[in-house]
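What follows is a single structure, written as structure tokens, with notes after it.
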Amino acid sequence: MDNTRRKFLKLAGLTAVAGVTVPMLGSKALAADHGGGHAAPAEHGGGHQEEAPTGVRQGLVIDTGKFHDNPGLAEKCQKVCHDYHNVPKFPTSKDEIKWIWTDKFPNVFPDHSHYKKDDRMSSMNILALCNHCDNPPCVRACPTKATFKNKDGVVMMDFHRCIGCRFCMAACPYGARSFNWRSPRGSEDGHPFIENYNPKFPTRMRGVVEKCSLCSWRTKQGKDPLCVEEANKEVEGAMVFGDLNDPNSEISKVLRNRFTIQRKPSLGTKPSIFYII
Amino acid sequence: MYDKGKVLLGLAIFLVLALSVVGYNMTAGDNKKPEPEDAKLKGYTACVKKTDYMKSSHMVLLNQWRDEVIREGKREMVETADGSLMVEKSLQNGCMKCHTSKVKFCDTCHQYASVKPYCWDCHLAPVEPTDGKEAH
Chain A
1 MDNTRRKFLK LAGLTAVAGV TVPMLGSKAL AADHGGGHAA PAEHGGGHQE
51 EAPTGVRQGL VIDTGKFHDN PGLAEKCQKV CHDYHNVPKF PTSKDEIKWI
101 WTDKFPNVFP DHSHYKKDDR MSSMNILALC NHCDNPPCVR ACPTKATFKN
151 KDGVVMMDFH RCIGCRFCMA ACPYGARSFN WRSPRGSEDG HPFIENYNPK
201 FPTRMRGVVE KCSLCSWRTK QGKDPLCVEE ANKEVEGAMV FGDLNDPNSE
251 ISKVLRNRFT IQRKPSLGTK PSIFYII
Chain B
1 MYDKGKVLLG LAIFLVLALS VVGYNMTAGD NKKPEPEDAK LKGYTACVKK
51 TDYMKSSHMV LLNQWRDEVI REGKREMVET ADGSLMVEKS LQNGCMKCHT
101 SKVKFCDTCH QYASVKPYCW DCHLAPVEPT DGKEAH
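Sequence order for the protein chains is A and B.
Taking the working numbering, the leading residue of the first sequence gets 1, the next gets one more, and so forth.
Taking the working numbering, the leading residue of the second sequence gets 1, the next gets one more, and so forth.
Below you can see the structure in the form of structure tokens.
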């Protein structure tokens, strides 16, 4: 009996030693195969540097000062956009659908200090729209891939595929998404929600989320988005549209020369809309 | 077996009723609903694909166009089969540019085939031509 117990303990000891050491040796050999373990932290963004940009990333610079000096300009931009894209106007503000809108500084930039800000800043109406984030949380939340980032870096919606779960709305930190609680083709008290239908663009149906698409149907033809075109018609340089990843684009030049801020940068969504304050 | 007579009589009545429908169809001759006529367009020679393909598979092509345009950003125009016209890959801005009447071009056939596509829940149909002169 003693003999078998002794044998058993020896065997168990050896197994334990082998169980600890062999995987260690194995992992060292593996690490050596990959040229040492140095590349790993850099790949995982261990440093504070941004990784090198790839592909096109369309973005906007909005000069809030020019909009402040030209009251009504922001509203014109909104009208042009909403008219073209058949955005309905629901009478109750809870149901509001907005692709581009204006708000006060503390609401657009809640994580910036607005304590004792100057009068100009406090009275400013700042244009806001979908930020077309480089790291869009809405895309990750969407269970059907109805919303996705396209090759131009624009966060797009495929309305055909939206099931109306509104996860994207919960995920978006900018309130850039609106839900059609009611049918946009309906009316209330004789007032249709869409006054003049634009026959070139579809409407949405009840139960679908919608948002700005940075006029991808226009930009493909080399034109600026509607809001940019409208703003620059009256005030040159009020908005600049272009490829953020192209160092020679106009927008990159503006961003190099002017101080700009983004909305809620601390969230890590990497917005592509920049504001000159 | 109890009530043999009643059971057999009941079965006979059932069979006569059930088969009468088939019999009526066989004897009443050609009472098939007429197929909708081809909506011929004046002034156009060809569509983007052959007519047979468009009749059977236009919905496949529309879905392909949708995915190419929205997902892949391939918004270039397509040529008609005989190269006479460039067409935008779009239901509202492509198809309905030539096929200007939804009632005649879409609805007649869809009604005949008893299909209810939901295209027009969102897409806007062109204003129907009302001047009496047919677009088709």
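Cβ coordinates follow ideal geometry from the N, Cα and C atoms, glycine included.
Keep in mind that this is a model prediction, so the values were computed, not measured.
Distance, Cα to Cα, lysine 55 of chain B vs lysine 49 of chain B? Taking the straight line from one Cα to the other gives about 10 Å.
Contained alpha helix (DSSP H) runs [length at least 4] in the segment 202-260 of chain A, N- to C-terminal order: 216-219, 226-234, 250-257, all fully within the segment 202-260 of chain A.
State the Cα-Cα distance for the pair cysteine 142 of chain A and glutamate 210 of chain A, rounded to the nearest angstrom. For cysteine 142 of chain A and glutamate 210 of chain A, the distance between alpha carbons rounds to 13 Å.
Along the chain, where does the alpha helix (DSSP H) that runs through leucine 85 of chain B open and close? First-last for leucine 85 of chain B: undefined, no H or E at that position.
For the alpha helix (DSSP H) that alanine 138 of chain B lies in, which residues bound it at each end? This structure cannot speak to residue 138 of chain B, because chain B is shown only from 1 to 136.
Pull up the distance between the alpha-carbon of proline 23 of chain A and that of arginine 5 of chain A, whole angstroms please. If you take the alpha carbons of proline 23 of chain A and arginine 5 of chain A, they lie about 28 Å apart.
Which of helix, strand or coil DSSP assigns to serine 178 of chain A: The three-state reading of DSSP puts serine 178 of chain A in strand, counting E and B together.
Chain A contact residues for cysteine 98 of chain B, given Cβ-Cβ distances below 8 Å: Within 8 Å Cβ-Cβ: nothing; cysteine 98 of chain B doesn't reach chain A, min ~15 Å.
Could you tell me whether the Cβ atoms of alanine 231 of chain A and cysteine 77 of chain A are closer together than 9 Å? Yes. Within cutoff.
Residues from the segment 155-185 of chain A in contact with chain B, defined by Cβ distance under 7 Å: So the close ones are Met156, Asp158, Phe159, His160.
Give me the chain B residues within the contact set of proline 199 of chain A, using Cβ-Cβ distance strictly less than 7 Å, ordered along the chain. Identification of chain B residues near proline 199 of chain A by a Cβ-Cβ cut-off of 7 Å yields Gln92, Leu124, Pro126, ordered along the chain.
Just confirm the distance between the C-beta atoms of glycine 237 of chain A and lysine 66 of chain A, as a whole number of angstroms; I'd bet it's less than 8 Å. So it is a contact: roughly 7 Å between Cβ atoms.
Since proline 129 of chain B and serine 84 of chain B should fall inside the 8 Å C-beta cutoff, what is the C-beta to C-beta distance between them, to a whole number of angstroms? With 8 Å as the limit, proline 129 of chain B and serine 84 of chain B do not qualify as a contact, their Cβ atoms being about 22 Å apart.
Could you tell me which of B:His58, B:Gly10, B:Gly94 sits nearest to alanine 125 of chain B, measuring between CA atoms? Relative to the Cα of alanine 125 of chain B, the nearest Cα in the group B:His58, B:Gly10, B:Gly94 belongs to B:Gly94.
In this structure, how does DSSP classify isoleucine 276 of chain A when only helix, strand and coil are distinguished? Under the three-state reduction of DSSP, isoleucine 276 of chain A is assigned to strand.
Cβ of glutamate 68 of chain B less than 9 Å from any chain A Cβ? Chain A contact via Cβ: absent.
For methionine 1 of chain B, which of helix, strand or coil comes out of DSSP? DSSP, reduced to helix, strand and coil, places methionine 1 of chain B outside both helices and strands of the structure shown, so it counts as coil.
Suppose you measure from the CA of arginine 206 of chain A to the CA of arginine 182 of chain A; what does that come to, to the nearest Å? Rounded to the nearest angstrom, the two C-alpha atoms are 5 Å apart.
Please state the DSSP three-state secondary structure of tryptophan 99 of chain A. Note: tryptophan 99 of chain A maps to coil in three-state DSSP.
What residue ranges within the segment 99-176 of chain A form continuous beta strand (DSSP E) runs of no fewer than 3 residues, ordered along the chain? Correct list: 100-104, 125-129, 147-149, 155-157.
Strictly below 8 Å CB to CB, what residues from chain B border asparagine 196 of chain A? What asparagine 196 of chain A touches in chain B: nothing, since even the nearest Cβ is about 11 Å away.
What does DSSP give as the partner residues of histidine 191 of chain A in its beta bridges? Paired residues: A:Glu188.
Glutamine 279 of chain A and threonine 219 of chain A closer than 9 Å at C-beta: Given that chain A is displayed from residue 1 to residue 277, the structure contains no residue 279 of chain A and the question cannot be resolved.
Given a cut-off of 9 Å on the beta-carbon distance, is the pair valine 154 of chain A and serine 216 of chain A in contact? Yes. Within cutoff.
Can you find a CB in chain B that lies within less than 9 Å of the CB of lysine 211 of chain A? Not one chain B Cβ lies under 9 Å of lysine 211 of chain A.
Which word fits serine 90 of chain B, buried or exposed, when buried means at least 16 other C-beta atoms lie within 10 angstroms of its C-beta? Burial call: buried.
Between which two residues does the beta strand (DSSP E) harbouring leucine 60 of chain A extend? Note, leucine 60 of chain A: beta strand (DSSP E), 58-63.
Can you tell me which of the three DSSP states valine 78 of chain B falls into? Three-state result, valine 78 of chain B: strand.
Measuring alpha carbon to alpha carbon, tell me which residue in B:Cys109, B:Glu68, B:Gln64, B:Tyr44 is nearest alanine 81 of chain B. Of the listed residues, the one whose Cα sits closest to alanine 81 of chain B is B:Tyr44.
Contact between the segment 59-73 of chain B and the segment 6-22 of chain B: three or more CB pairs below 8 Å? In short, these stretches do not touch, since the Cβ pair count stays below three.
Can you check whether the C-beta of arginine 57 of chain A is within less than 9 Å of a C-beta belonging to chain B? Chain B, which has no Cβ nearer than 9 Å to the Cβ of arginine 57 of chain A, makes this no.
Straight-line Cα distance separating aspartate 30 of chain B from lysine 89 of chain A: Cα to Cα, lysine 89 of chain A sits roughly 54 Å from aspartate 30 of chain B.
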